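The structure appears right after this line, and notes come after that.
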Amino acid sequence: MSVRLILVGPPGAGKGTQAELLCESLGIPAISTGAIFRAHAQAGDELGQLAESYTSRGELVPDEVTNKMVAVRLAEPDAAGGFLLDGYPRNLSQVAELDSMLGESGNQIDAVLCLVADDDEVVQRLLGRAAEQGRVDDTETVIRHRIELYHAQTEPLVSLYRERGILVEVNGMGSIESVAQNLVSELKAFLTK
Ligand code: ADP
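Take the numbering used here: the final residue in the sequence shown is number 185, and no numbers are missing along the way.
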């Protein structure tokens, strides 16, 4: 299916997992800015070192860096027939940048999927993941800061996409399978409306 999607939701809402599942069923690439930053950090290259100096503190990587990285990724051939952005845009200035990137290619976002989850639940999940995966940004202080930033910087974009009439809210609090099913069915219902 040729569809251009954004997946948004607080840290720990399960975006990465759901992005993979949904993209597999739709046959489009999942483009996760957080995962791209982590891959560069693992490789120890310049972008990775720069990104990690922000991600390890739970701060956003500067917009110029993130926007450029996304523009390059969206220009790759596999993204021509649709994609799902996970973790981007994350503030209003990134929304404006994405609008102009898409405008240049005559495309637009079809739907913005928002995983709704409450703060206490996501903190518990992230602390659990910290024990398993050892991500540098999964300490309690950094987690709380990432959630604060989500409310302050990312939530305004949820309202904006709601005003644009392309927001699809999905409860992110069930099991992986039930959330995945809800995402697919609510997306299909929205797209065929
Ligand atoms: P989570 O949503 O659980 O915080 P992500 O993997 O989406 O995890 O992001 C991890 C970190 O990568 C963020 O805390 C931030 O530092 C950085 N990052 C990811 N996407 C962006 C973005 N669009 N703009 C700026 N920084 C970003």
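C-beta: ideal position from N, C-alpha, C; glycine also.
None of the values given here were measured: they were computed from a predicted structure.
| Item | Value |
| --- | --- |
| Whole-Å CB distance - Ala11 paired with Ser24, under 8 Å assumed | 6 Å |
| Residue from Glu68, Gly126, Glu51, Phe182 whose Cα sits closest to the Cα of Leu141 | Glu51 |
| Pairwise C-alpha distance: Leu76 and Ile135 | 24 Å |
| For Pro21 and Gly79, the rounded distance between their alpha carbons | 14 Å |
| contact_flag[the segment 100 to 110, the segment 163 to 178] where n(CB pairs < 8 Å) is 3 or more | yes |
| Residue burial classification, Gly120 (beta-carbon count within 10 angstroms, cutoff 16) | exposed |
| Rounded separation between Asn99 and Asn83 - CA only | 20 Å |
| Heavy atom of the ligand ADP within 6 Å of Tyr80 beta-carbon | yes |
| Exposure label - Gln116; buried when at least 16 CB within 10 Å | exposed |
| Spatial neighbours of Ala5 in its chain, beta-carbon cut-off 7 Å, leaving aside the 5 residues before and after | Leu107, Ala109, Val114, Gly164 |
| Where Asn99 falls: helix, strand or coil (DSSP) | coil |
| Proximity test, Tyr153 beta-carbon vs the ligand ADP heavy atom, cut-off 6 Å | no |
| Contact belief for Asp102 with Leu13 at Cβ below 8 Å, rounded distance in angstroms | Between Leu13 and Asp102 the Cβ distance is about 18 Å, and since that is not below 8 Å, they are no contact. |
| DSSP bridge partner residues for Phe182 (one or two, in chain order) | In the DSSP output, where bridge partners are listed per residue, Phe182 has none listed. |
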